[in-house]
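Student:
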Amino acid sequence: MRVVLRGALVLAIALSIGAVAGWTRGVRAADDVTRPDAAFVDRQFSALNDQVEAARGETAVLKLQLVRATNILERSARYQIPADLSAAIYDIALSEGIDPALGYQLVKIESQFKGAARSNMAAFGFTQLQVPTARFYKGDVTERDLMDRDINLRIGFRFLNDLLVQYHGDKHLALVAYNRGPAKVREILAAGGNPRNGYSEMVLKGYQPLAVALP
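Add 274 to the 1-based position in the sequence shown for the working numbering, that's all there is to it.
1. Measure the alpha-carbon distance for residue 433 versus residue 360 and round it to whole angstroms.
2. Pop quiz: residue 429 and residue 403 are said to be a contact at Cβ under 8 Å. What is the actual Cβ separation, rounded to whole angstroms?
3. DSSP three-state call for residue 433: helix, strand or coil?
4. Under 8 Å between the Cβ atoms of residue 417 and residue 400?
5. According to DSSP, simplified to helix, strand and coil, what is residue 403?
6. DSSP beta-bridge partners for residue 398?
7. Identify whether residue 485 lies in helix, strand or coil by the three-state DSSP scheme.
8. How about the region 440-455 and the region 468-477: do they share at least three Cβ pairs that are nearer than 8 Å?
9. Skipping 5 residues on each side, what residues in its chain have a beta carbon closer than 7 Å to that of residue 470?
10. Do residue 372 and residue 463 come within 8 Å of each other at the CB atom, strictly closer than that value?
11. Could you tell me how far apart the beta carbons of residue 375 and residue 424 are, in whole angstroms, since I believe they sit closer than 8 Å?
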């Protein structure tokens, strides 16, 4: 692609200069040739270069859109979930700074992709949030709010991202803290214990990072 674009750019510049110089009319006498000034050539080069860069940008956007659509549809088929739910998980996970593949796995283990899920621990929705935890991120959130797909996913993924930052990218510790609570994990670690309880292994079973950016 770069070779083609570069060749097209050189050809376009040559034709532009040639047109002004009279080359396309087959002028033979050197005295009859009007040479283009340097400023004109610079302007032509700059304009054509801008066009090439714009075309590259459009191509990059199209590739990103294709990657997004492919990942969303592939996960929709893998987990047997509606495409709109797959798209919401993918987009919100990215916007909250976590790998969408981890987002899908979290929702699978927490709620089996059921937005109306409620636990006996008063946890709600796709990411099984408790109201006190959710209010750390949205002070006026209610149980009813947590049944809203986008609100639930956004708060749940933001919470997980904060835990990943806190534990320096350690997915096992972050997931265990998501499941058992950060305070409990701190207490166990401070006592020299191991807080892992099998939850992180369930979430990470079969986990493979998604390709969400251009190579």
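In this text, a Cβ means the ideal position worked out from N, Cα and C, and glycines have one as well.
Tutor: Concretely, from the data shown:
1. Residue mapping note: residue 433 aligns to position 159 of the sequence shown, counting from 1. Residue mapping note: residue 360 aligns to position 86 of the sequence shown, counting from 1. Each residue's alpha carbon lies about 20 Å from the other.
2. Translated into positions along the sequence shown, residue 429 becomes position 155. Translated into positions along the sequence shown, residue 403 becomes position 129. So it is a contact: roughly 6 Å between Cβ atoms.
3. To locate residue 433, count along the sequence shown from 1; it is residue 159. Of the three classes helix, strand and coil, the one that applies to residue 433 here is helix, per DSSP.
4. Here the question's residue 417 lines up with position 143 in the sequence shown. Here the question's residue 400 lines up with position 126 in the sequence shown. Taking 8 Å as the Cβ cut-off, residue 417 and residue 400 do not qualify as a contacting pair.
5. Your numbering for residue 403 matches position 129 in the sequence shown. Note: residue 403 maps to strand in three-state DSSP.
6. Counting from 1 along the sequence shown, the entry for residue 398 is found at position 124. BP columns for residue 398 point to 392 and 403.
7. In the sequence shown, the residue the question calls residue 485 occupies position 211. DSSP places residue 485 outside both helix and strand once states are collapsed to three, so it counts as coil.
8. These segments touch.
9. Within the sequence shown, the letter at position 196 stands for residue 470. So the list reads 446 and 450, once near-sequence residues are dropped.
10. Along the sequence shown, one-based indexing puts residue 463 at 189. Along the sequence shown, one-based indexing puts residue 372 at 98. No, these two residues do not count as a Cβ contact at 8 Å.
11. Residue numbering aside, residue 375 sits at position 101 when the sequence shown is read from its first letter. Residue numbering aside, residue 424 sits at position 150 when the sequence shown is read from its first letter. With a Cβ gap of about 19 Å, residue 375 and residue 424 do not count as contacting.
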